[in-house]
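For the working numbering, count along the sequence shown from 1 and bump the result up by 200.
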Amino acid sequence: MHESSSILSLLVGGILLFLGISAVLPDIISAFLIFAGGFLFLSKGSDLFVESIARIAKTFGISEFIIGLTVIAIGTSLPELLTGITSSLTGNPELVLGTAVGSNITNISLIIGLTSTVSLILINREIFYRDCYILLGISFLFYFFAYDSVITNIDGLILIGLFLFYIAFLFRFKPSISFLYNFQEYLDFVYGFDTLVDFSTYKRILLRGLDFKTHQRLIRAGLSLGWKLGTIPISLAVKGLDGHTYVSLIDSYKERLRKNLVRDFMIFIIGAVAIYIGAKYFVKGAVYIADILNVGQSIIGLTIVSLGTSLPELAVSIKSARRGLSNMVLGNVMGSNIANITLVIGASALILPINIPDFSISYVIPFMILMTFLLILFIRSGWHIRRLEGIIFLILYLVFLACMAGIVV
């Protein structure tokens, strides 16, 4: 509870600070300050929101497969989704296109590029044949929809349908996906699932006593009964506990479970509020910057907005690769890119049709498809992505930014 209150205080203080300062600064600095403040709230809010939902789901016994799949398919694209919906609701649909397409380019060129320069990314063939070709096919379909210079409501509905079909399709491969992505280790690593108390463990203690597996889990959780649970001999844990100690264990576990749920629900609410505020000012700042620089909103979306929404994934990708979770690196990028095209653009187009600038049709979307082609080519060359290939991706990203700067000038 104390942690939740501290987070809330920081969020409120941050809002007052950046709004107060931005009011007395020159327009361009004020615009970037609003944009940066919105980004920080959106980014941190998304992290808190996804983590709290994942922990609550685990507490109530939802499987790691469903939680992990949701994180890959939706959680990694949550900033883009909220930015897109907010942009459409505020009458700025051009920003949606730039954010989604720019994020796809950034995910491949910057995230995979930087990650592969610090750690070799090993690729599993099953993930490659399933996700890479699905992404390529969806990218071509999106280009077909965009070729008439508008993504209509019908196009958006079709794209959302494809996203739902993709999720259903993944459920057919549940055993192999669970093994390949190693959801349990990933969720333990990112969200601390290995130390999380949950109802299934509580029920196991009630029905079967403290078996060896439960004993080890509680040691990791650091649960205290007035003494460290780890001091309970394993032999005693396997054979069972005396009545008094057993009741103390049940009561202590129940209290820990209650406190964790209250904490996670509080963080969920704080994260949701931060997301709402962050998305609002993130979009407002981006539109403000576009107006001051007299450039199209899609340009801003393709550059600083897409970079901002992709940055939180970069640190997780590098840490995951170093930990040997290379499949999760590729899975996060593939899942995010598929969701950006189908869910983000689809949901935004349902609210308001998205007009496509000519330069996006002739250059930007083809460049996104080219990056996907290169990713497939590099993977097929040896079923891994090496440092040299990562450097090539980074150079192409700089070329892309230089071309965007040339359009602005």
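Ideal placement from N, C-alpha and C gives every residue a C-beta, glycine not left out.
Have a look at residue i and residue j and give me their C-alpha separation to the nearest angstrom.
| i | j | result |
| --- | --- | --- |
| residue 525 | residue 371 | 21 Å |
| residue 349 | residue 359 | 16 Å |
| residue 603 | residue 565 | 14 Å |
| residue 255 | residue 562 | 44 Å |
| residue 386 | residue 513 | 14 Å |
| residue 144 | residue 297 | Because the chain here runs from 201 to 609, residue 144 falls outside it and cannot be looked at. |
| residue 392 | residue 583 | 30 Å |
| residue 539 | residue 532 | 10 Å |
| residue 581 | residue 342 | 27 Å |
| residue 263 | residue 383 | 10 Å |
| residue 389 | residue 517 | 12 Å |
| residue 288 | residue 451 | 50 Å |
| residue 589 | residue 314 | 10 Å |
| residue 345 | residue 277 | 21 Å |
| residue 305 | residue 571 | 7 Å |
| residue 261 | residue 357 | 33 Å |
| residue 228 | residue 286 | 22 Å |
| residue 299 | residue 324 | 29 Å |
| residue 232 | residue 485 | 6 Å |
| residue 331 | residue 591 | 23 Å |
| residue 459 | residue 530 | 36 Å |
| residue 369 | residue 334 | 11 Å |
| residue 398 | residue 547 | 34 Å |
| residue 585 | residue 502 | 25 Å |
| residue 575 | residue 473 | 37 Å |
| residue 326 | residue 606 | 40 Å |
| residue 573 | residue 373 | 24 Å |
| residue 247 | residue 471 | 8 Å |
| residue 611 | residue 322 | The question about residue 611 has no answer, for the chain in this structure spans 201 to 609. |
| residue 528 | residue 301 | 21 Å |
| residue 599 | residue 552 | 32 Å |
| residue 550 | residue 290 | 14 Å |
| residue 497 | residue 601 | 15 Å |
| residue 462 | residue 243 | 23 Å |
| residue 311 | residue 587 | 13 Å |
| residue 469 | residue 367 | 27 Å |
| residue 153 | residue 347 | Outside the displayed range of the chain (201 to 609) lies residue 153, so it cannot be described from this structure. |
| residue 457 | residue 226 | 50 Å |
| residue 623 | residue 569 | Residue 623 lies beyond the range of the chain shown here (201 to 609); nothing can be said about it. |
| residue 292 | residue 500 | 12 Å |
| residue 266 | residue 541 | 22 Å |
List the DSSP bridge partners of residue i.
| i | result |
| --- | --- |
| residue 350 | 555 |
| residue 322 | 584 |
Can you say whether residue i is buried or exposed, counting buried as having 16 or more other CB atoms within 10 angstroms of its CB?
| i | result |
| --- | --- |
| residue 597 | buried |
| residue 610 | With the chain running from 201 to 609 in the structure shown, residue 610 is simply not present. |
| residue 494 | exposed |
| residue 464 | buried |
| residue 488 | buried |
| residue 245 | buried |
| residue 258 | buried |
| residue 375 | exposed |
| residue 490 | buried |
| residue 595 | exposed |
| residue 593 | buried |
| residue 294 | buried |
| residue 353 | exposed |
| residue 477 | buried |
| residue 455 | exposed |
| residue 279 | buried |
| residue 339 | buried |
| residue 400 | exposed |
| residue 515 | exposed |
| residue 337 | exposed |
| residue 545 | buried |
Between the segment 511–523 and the segment 312–327, do at least 3 Cβ pairs fall closer than 8 Å?
-> yes
Stretch-stretch touch, CB-based, cutoff 8 Å, three pairs: the segment 247–262 with the segment 356–373 | They do not touch, by the three-pair rule.
Can you check the segment 328–372 for any alpha helix (DSSP H) of at least 4 residues that lies completely inside it and give the ranges in chain order?
-> 333–346 and 353–371
Report yes or no: do the segment 474–493 and the segment 230–249 share at least 3 C-beta pairs separated by less than 8 Å?
-> yes
Residue ranges of each alpha helix (DSSP H) within the segment 501–556, 4 or longer = 506–522, 526–539 and 545–551
Evaluate contact between the segment 258–272 and the segment 501–516, counting only Cβ atoms and requiring at least three cross-stretch pairs below 8 Å.
-> no
Is it a yes or a no for the segment 550–559 touching the segment 371–381, going by three-plus beta-carbon pairs under 8 Å?
-> no
Tell me the start and end of each unbroken alpha helix (DSSP H) in the segment 243–287 that is at least 4 residues and wholly inside, in chain order.
-> 264–273
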